[in-house]
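Undergrad: Residue numbers (the working numbering): 1 to 186.
Beta carbons are placed, not taken as given, at the ideal position from N, Cα and C, and that holds for glycine.
After the structure tokens below, expect a handful of questions from me.
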């Protein structure tokens with residue numbers, strides 16, 4: 001349920017900010033918010049992140065749809081994972097949905113956030129883009145720490161390293177424990 005709530009909140013905020021900008025700021029207009037650092041902008045992007053694959057709206061919409069279908073197929077694995085993984089995947093899914101809705105409505109993605117310093121501009125982006133990037137980083141970092149620290153693994157009372165089944169199947173600790181118990185039952 002938490003995954004669905006996060007997806008709905010992020011998608012709603014992404015779409016709301018885009019609607020407000022598209023109705024109040026003329027296309028290609030820039031509104032300074034923090035002079036010398038941050039503007040609101042109204043830009044349409046037919047490509048992917050950082051304007052790669054310019055004029056590829058249809059293939060990118062198809063790819064986004066395919067990714068969403070794959071994520072729905074594997075939803076049980078996503079929902080049963082550790083909390084940081086579930087939140088990270090919810091952020092990625094929400095970002096994909098937010099940008100896919102734009103591709104369907106506008107045949108492009110609406111970008112609204114423009115950060116810069118002097119003449120150096122970071123590519124304009126939106127909440128959906130941020131959600132995807134943060135979700136991916138969060139997933140990678142949490143997976144790294146989970147692997148490094150073996151969260152939820154090991155049995156400290158016996159000193160045996162009995163691990164739970166992970167996303168890659170049964171672990172060596174489980175096989176060893178199973179072999180030991182089958183020897184005692186024989």
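Using C-beta distances below 6 Å, list every residue in its chain close to residue 53, excluding the 5 sequence neighbours before and after it, in chain order.
TA: On the chain shown, position 53 is the one that residue 53 refers to. Here the set comprises 47.
Undergrad: By the three-class DSSP mapping on this structure, what secondary structure does residue 111 have?
TA: For the purposes of this step, residue 111 is taken as the residue at position 111 of the chain shown. Three-state DSSP puts residue 111 in a strand.
Undergrad: Name the two residues that bound the continuous alpha helix (DSSP H) containing residue 84.
TA: Taking the first residue of the chain shown as position 1, residue 84 is located at position 84. 83 to 106 is the extent of the alpha helix (DSSP H) around residue 84.
Undergrad: Who does residue 116 pair with in a DSSP beta bridge?
TA: Taking the chain shown and counting its residues from 1, one reaches residue 116 at position 116. Bridge partners of residue 116: 121.
Undergrad: Going straight from the alpha carbon of residue 129 to that of residue 150, what length do you get?
TA: On the chain shown, residue 129 is found 129 positions in, with the first residue counted as 1. On the chain shown, residue 150 is found 150 positions in, with the first residue counted as 1. Cα-Cα distance, rounded: 31 Å.
Undergrad: Taking C-beta to C-beta, are residue 86 and residue 3 nearer than 8 Å?
TA: On the chain shown, position 86 is the one that residue 86 refers to. On the chain shown, position 3 is the one that residue 3 refers to. Result yes, Cβ atoms of residue 86 and residue 3 sit closer than 8 Å.
Undergrad: Could you pull out every residue in the same chain whose Cβ sits closer than 6 Å to the Cβ of residue 103, ignoring the five residues on either side in sequence?
TA: Here residue 103 refers to the residue found at position 103 when the chain shown is read from its first residue. Excluding residues within five positions, the ones whose Cβ falls inside 6 Å are 57, 61.
Undergrad: Just to confirm, is the Cβ distance from residue 44 to residue 21 under 8 Å?
TA: Position 44 of the chain shown holds residue 44. Position 21 of the chain shown holds residue 21. No, these two residues do not count as a Cβ contact at 8 Å.
Undergrad: So what does residue 38 bridge to, in DSSP terms?
TA: Reading the chain shown from its first residue, position 38 is the one you call residue 38. Residue 38 pairs with 34, 115.
Undergrad: What residue range is occupied by the uninterrupted alpha helix (DSSP H) comprising residue 53?
TA: Here residue 53 refers to the residue found at position 53 of the chain shown. Neither: residue 53 is in no alpha helix (DSSP H) and is coded neither H nor E.
Undergrad: Nearest-angstrom Cα distance between residue 166 and residue 76?
TA: Within the chain shown, the letter at position 166 stands for residue 166. Within the chain shown, the letter at position 76 stands for residue 76. Unreliable placement is indicated for residue 166, whose pLDDT of 41 sits below 50; the coordinate value is still reported in the next sentence. Their Cα atoms are separated by approximately 13 Å.
Undergrad: What number of angstroms, rounded off, separates the C-alpha of residue 14 from the C-alpha of residue 23?
TA: Here the question's residue 14 lines up with position 14 in the chain shown. Here the question's residue 23 lines up with position 23 in the chain shown. Approximately 14 Å between the Cα atoms of the pair.
Undergrad: Under the three-state reduction of DSSP, which class applies to residue 1: helix, strand or coil?
TA: Counted from its first residue, the chain shown places residue 1 at position 1. Residue state, collapsed to three classes: coil.
Undergrad: Between residue 142 and residue 94, how many whole angstroms is the CB-CB distance? I'm expecting something under 8 Å.
TA: Position 142 of the chain shown, counted from the first residue, corresponds to residue 142. Position 94 of the chain shown, counted from the first residue, corresponds to residue 94. Actually they do not touch by this definition, with Cβ atoms about 17 Å apart.
Undergrad: Expressed to the nearest angstrom, what Euclidean distance is found between the alpha-carbon atoms of residue 108 and residue 78?
TA: For the purposes of this step, residue 108 is identified with residue 108 of the chain shown, where counting begins at 1. For the purposes of this step, residue 78 is identified with residue 78 of the chain shown, where counting begins at 1. Cα to Cα, residue 108 sits roughly 29 Å from residue 78.
Undergrad: Helix, strand or coil: how does DSSP classify residue 23 here?
TA: For the purposes of this step, residue 23 is taken as residue 23 along the chain shown, with counting starting at 1. If DSSP states are grouped into helix, strand and coil, residue 23 belongs with the helices.
Undergrad: Express the C-alpha separation of residue 66 and residue 73 in angstroms, rounding to a whole number.
TA: As a working mapping, residue 73 is identified with position 73 in the chain shown. As a working mapping, residue 66 is identified with position 66 in the chain shown. Roughly 11 Å separates the two Cα atoms.
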